[in-house]
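Scroll down for the structure; my scribbles are underneath it.
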Amino acid sequence: MSKSANAGHAKADPKSKAKAKAEKAPPPRRRELRYSVGVRSREIGGVLLIALALLSLLALSNLTRGSLSDWWSNGLYRLFGWGAFAFAVMVGAIGVLIIARTQNIVLVTPWRAIIAIEIAFFALLPVVTAFAAFTDDDMWSEITVGNGGGIVGWGLLTIVAPIFTRYVAGFLYLVILIIALTIGLRVPWLTWYARLKIWLVRRRPIEAVDLPTEVPAVPATTARSIEEEIVPPQPVLLKAKSLDQQPVQATQLPLKIVKTEEPPKPKIKRERVLPALDLLEGHTSDSIAQGEIEHKKDVIENTLKQFGLEAKVVRVSQGPAVTQYGVEPGYIERAGMDGEVRRQKVRVAQISSLQNDLALALAAPSLRIEAPVPGQSFVGIEVPNDSIEMVGLRGVLESEAFGKLKAKAPLAFALGRDVSGMAIAANLAAMPHILIAGTTGSGKSVCINAIIMSLIMDNTPDDLRIVMIDPKMVELIRYNGLPHLYGKVETEVERIVGVLRWVTREMDSRYKKFSDLGVRHVNEYNERMIEKGEDKLPYLAVFIDELSDLMMSAPVEVEKTICRIAQMARATGIHLVIATQRPSTDVVTGLIKANFPARIAFAVASGVDSRVILDGVGAETLLGKGDMLFLSPTANGPVRVQGCYIGEPEIDRVADFWRAQYADEERVPAPWESSKAQRLEEIAQAGAATAALEDDDEVLLAKAIELVKKHRQASASWLQRKMRLGYPKAAYLIDRMEQMGIVGPVQEAGRARDVLVGPGDEIDEWM
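Counting with our numbering, you get residues 2 to 768 for the letters of the sequence shown.
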């Protein structure tokens with residue numbers, strides 16, 4: 002009996018604990034009230050700070066007179082001295098930030114910057130006091146009337162001044178001021194130092210060289226040989242193969258111009274100077290209020306319970322755009338056929354089927370359920386945040402995940418942050434090609450800019466070269482003049498096909514070099530080149546911003562070229578990044594999709610478009626503005642990521658850094674331009690050869706006419722035997738004679754052609 006009683010108490014303990022916990026926890030309405038009161042109190046505090054700042058500025062400027070305002074302004078002057086105005090401005094700025102946070106307005110200025118600026122302000126007060134133009138004896142009297150840094154500045158100075166002297170203490174506070182401004186305003190000291198170093202190198206005078214006063218005379222023949230050597234043309238005489246045929250007129254070969262090659266210019270060995278991360282802007286991360294999270298947890302659990310599903314939220318992961326609530330399925334007690342109550346696990350499909358009902362209960366614009374979360378024992382319900390947090394590129398580049406990947410992968414790039422706020426980075430060399438798709442304004446072009454910026458922040462033009470194709474003519478134009486860029490951003494559809502052909506020729510050329518050296522990959526080839534002291538092959542990244550325009554102009558050629566590059570170019574270090582805003586089957590064909598295992602899907606219009614990109618639904622529920630699903634070649638399924646944002650000023654600063662560093666180098670034309678000129682020369686040579694062949698055809702035609710006149714027969718097979726020609730050439734000669742009226746048309750029933758000329762007719766009449 003005691004054992005059964007103890008067992009009964011043991012069974013009752015969990016229920017009693019849960020009941021006591023439920024009694025202690027406030028109801029949902031009370032939590033909502035506390036949350037709303039907290040928001041309103043912060044709004045009121047922000048308004049009061051702004052009002053206090055405005056009144057302080059009016060009092061300090063003597064725009065309002067009164068006993069209270071005079072007392073307040075005198076107090077500010079005594080406390081902060083000449084920094085009283087700055088103090089009033091800081092109070093107002095803090096009030097604005099508090100109100101903006103309650104309204105879910107994302108401001109660029111982070112709280113870390115505000116704190117750093119406040120430290121700089123309080124460091125400025127003792128600096129002003131230390132270097133003010135009054136003696137130590139008159140310092141207190143000057144401070145009490147509002148000069149220098151006020152009482153606060155005097156107090157901070159007297160803390161350090163007894164240990165050091167007055168001016169040394171002021172210098173120490175000046176150092177603190179500079180450090181605080183560097184953190185708060187993101188001052189890129191290293192970048193400025195690099196630019197100053199480059200400017201000093203350019204300004205360095207060239208050392209004078211003593212030249213001989215007397216220059217020996219140069220013979221005229223030598224001067225001519227330096228410019229060019231003209232080889233006189235030789236006439237070529239074609240002899241007639243028939244007695245009645247006149248000699249063919251001599252043809253002149255084109256002039257052969259032999260130019261002496263100039264010695265190659267020595268390559269400038271540059272110091273590896275990469276742009277500092279200070280060129281990029283930092284962004285804050287605002288957390289959701291705990292009351293809002295608890296409210297949504299209760300809504301999810303209660304909604305599932307209303308449909309007869311027991312579940313519990315066991316994990317909450319807050320991301321930049323969505324918050325993932327990890328729901329662990331519970332058990333349902335049901336009576337069997339024998340009346341015995343049995344516990345049955347809630348199926349995952351039952352929770353997934355309630356997606357629309359959960360979205361309605363949470364008042365969410367869209368909702369995505371990941372059932373189950375890979376590697377976890379719960380279902381992920383992703384609920385959009387009230388405001389999408391901006392993910393800066395700099396924050397991801399500074400993350401530990403990107404640092405580890407960059408240490409072993411030179412083509413590492415930042416992608417964004419996942420639903421738990423963790424930084425996501427990828428290796429372009431391991432992809433090895435990326436297909437990006439989404440509707441207009443979903444974030445495709447920003448994603449391409451983030452990938453480009455990640456690559457050029459960590460690679461010099463000797464390590465990485467870029468080809469950019471932008472038929473829209475608006476997104477990638479700002480990269481013109483970048484040292485990494487081959488030529489310019491190509492925007493004309495007629496030229497783009499030629500650029501893709503050059504990429505295939507470059508791929509074949511690299512494979513030829515690998516074969517000659519006995520290596521299989523570009524990394525092995527570069528290691529051999531470095532050992533020999535020769536130039537290595539750079540990686541080549543090809544960016545195409547809009548694929549649909551190319552597929553409409555030349556679908557067969559573009560698809561064939563892109564698929565060939567995607568299939569073979571990985572080992573050569575050539576990688577494709579292609580984006581399109583029309584993910585239909587006529588643009589993203591089966592061949593293209595099969596050769597792009599890495600795909601990024603932004604918000605699309607329907608589940609059909611999502612299936613074209615990801616082979617599954619999910620992209621139609623995305624929020625836009627950088628919200629994406631990233632499908633990696635090694636992952637089991639797509640991962641939801643909020644993409645990095647990179648602004649135009651940041652792009653311009655980094656691009657200007659590279660342009661300034663390589664400004665003294667002459668821009669070489671795009672390699673496909675020289676390839677195009679070589680192709681035109683080949684066509685011209687082929688045309689000259691065709692003309693020579695046409696002259697040979699005239700000789701053969703004259704001989705064929707003589708044979709037809711003599712034997713009064715005309716057929717391709719007969720002419721083939723008599724002249725020992727191939728059948729196509731013999732048939733061509735018969736057709737020519739038919740056009741000239743020498744032989745008649747083809748007869749029926751295998752009869753020979755009629756010969757319309759006699760033995761005494763002259764050939765020149767038809768020739």
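Cβ coordinates follow ideal geometry from the N, Cα and C atoms, glycine included.
Asked: Just to confirm my understanding: we take Y526, look at its own chain, exclude 5 residues before and 5 after, and list those with CB closer than 7 Å. What are they?; Found: K514, F515, L518, V520, L538
Asked: Drop a sphere of 10 angstroms on the beta-carbon of M338, count the other beta-carbons inside from all chains shown, and report buried for 16 or more, exposed for fewer.; Found: exposed
Asked: Are the region 585 to 600 and the region 555 to 566 in contact at 8 Å, needing three or more beta carbon pairs?; Found: yes
Asked: Let me know the alpha helix (DSSP H) ranges lying completely inside the region 517 to 547, each 4 residues or longer, listed in chain order.; Found: 523 to 533
Asked: Please go through the same chain and pick out, in chain order, the residues whose beta-carbon is closer than 8 Å to the beta-carbon of A372, but skip the five residues on each side of it.; Found: V349, A350, I352, S353, V380, G381
Asked: Could you name the residues of the same chain whose beta carbon sits closer than 6 Å to that of G625, not counting the 5 residues immediately before and after it, in chain order?; Found: S443, A604
Asked: Less than 8 Å between the C-beta atoms of I437 and A580, yes or no?; Found: yes
Asked: Per the contact definition of three or more C-beta pairs closer than 8 Å, is the region 404 to 416 in contact with the region 455 to 463?; Found: yes
Asked: Nearest CA to the CA of A664: which residue from F597, G482, Y168?; Found: G482
Asked: Between W673 and V500, which are expected to be in contact by the criterion C-beta below 8 Å, what is the C-beta distance as a whole number of angstroms?; Found: 5 Å
Asked: Could you tell me the boundaries of the beta strand (DSSP E) in which T103 lies?; Found: Note, T103: premise wrong, no beta strand (DSSP E); alpha helix (DSSP H) at 85 to 103.
Asked: From this set, F132, L486, R43, which residue's C-alpha is nearest I95's C-alpha?; Found: R43
Asked: E371 by DSSP, collapsed to three states: which one?; Found: strand
Asked: Can you give me the Cβ contacts of V589 inside the same chain, cut-off strictly under 8 Å, excluding the 5 residues immediately before and after it?; Found: L436, A438, L548, T581, V613, I614
Asked: Can you name the residues that DSSP bridges to R316?; Found: G327
Asked: Quick test of the definition: if touching needs 3 or more C-beta pairs under 8 Å, does the region 300 to 317 touch the region 353 to 364?; Found: yes
Asked: G84: buried (16+ other C-beta within 10 angstroms of its C-beta) or exposed?; Found: buried
Asked: Under a three-way DSSP split, which group does E1 fall into?; Found: The requested residue 1 does not occur in the structure, where the chain is confined to residues 2 to 768.
Asked: In whole angstroms, what separates the C-alpha of D550 from that of I370?; Found: 35 Å
Asked: Please classify P760: does DSSP put it in a helix, a strand, or coil?; Found: coil
Asked: Going by the DSSP bridge assignment, what does Y646 pair with across the sheet?; Found: G393
Asked: Quick check on D138: buried or exposed, where buried means 16 or more other Cβ atoms within 10 Å of its Cβ?; Found: exposed
Asked: Check the C-beta distance from H576 over to A430 and give it rounded, since I have them as a contact under 8 Å.; Found: 7 Å
Asked: What does a CB cutoff of less than 7 Å around R502 pick up in its chain, not counting 5 residues either side in sequence?; Found: T562
Asked: Our contact map puts A602 next to P634 with C-beta atoms below 8 Å; I'd like the distance itself, whole angstroms only.; Found: Rounded, the Cβ-Cβ distance is 15 Å, inconsistent with contact.
Asked: Please work out which residues of its chain come closer than 7 Å, Cβ to Cβ, to D536, disregarding the five sequence neighbours upstream and downstream, and give them in chain order.; Found: M530
Asked: Hey, quick one: how far does the beta strand (DSSP E) through A415 stretch, first residue to last?; Found: 413 to 419
Asked: State the DSSP-derived secondary structure class of T581, mapped to helix, strand or coil.; Found: strand
Asked: In angstroms, rounded to a whole number, what distance separates the CA positions of R343 and E302?; Found: 22 Å
Asked: I'd like to confirm the pairing. Which residues does DSSP put opposite E383 in its beta bridges?; Found: Q325, R369
Asked: Rounded C-beta distance between I449 and D546? I'm assuming under 8 Å.; Found: 6 Å
Asked: Please classify I743 as buried or exposed, where buried requires at least 16 other C-beta atoms within 10 Å of its C-beta.; Found: buried
Asked: Is it right to say H712 is buried, meaning 16 or more other beta carbons lie within 10 angstroms of its own, or is it exposed?; Found: exposed
Asked: Determine the extent of the beta strand (DSSP E) in which I614 is found, giving its start and end residues.; Found: Taken as a continuous stretch (DSSP letters only), I614 belongs to no beta strand (DSSP E), being part of the alpha helix (DSSP H) at 608 to 615.
Asked: With a threshold of 16 other CB atoms inside 10 Å of the CB of Y332, please say whether the residue is buried or exposed.; Found: exposed
Asked: Confirm, please, whether the CB-CB distance from A89 to S57 is below 8 Å.; Found: yes
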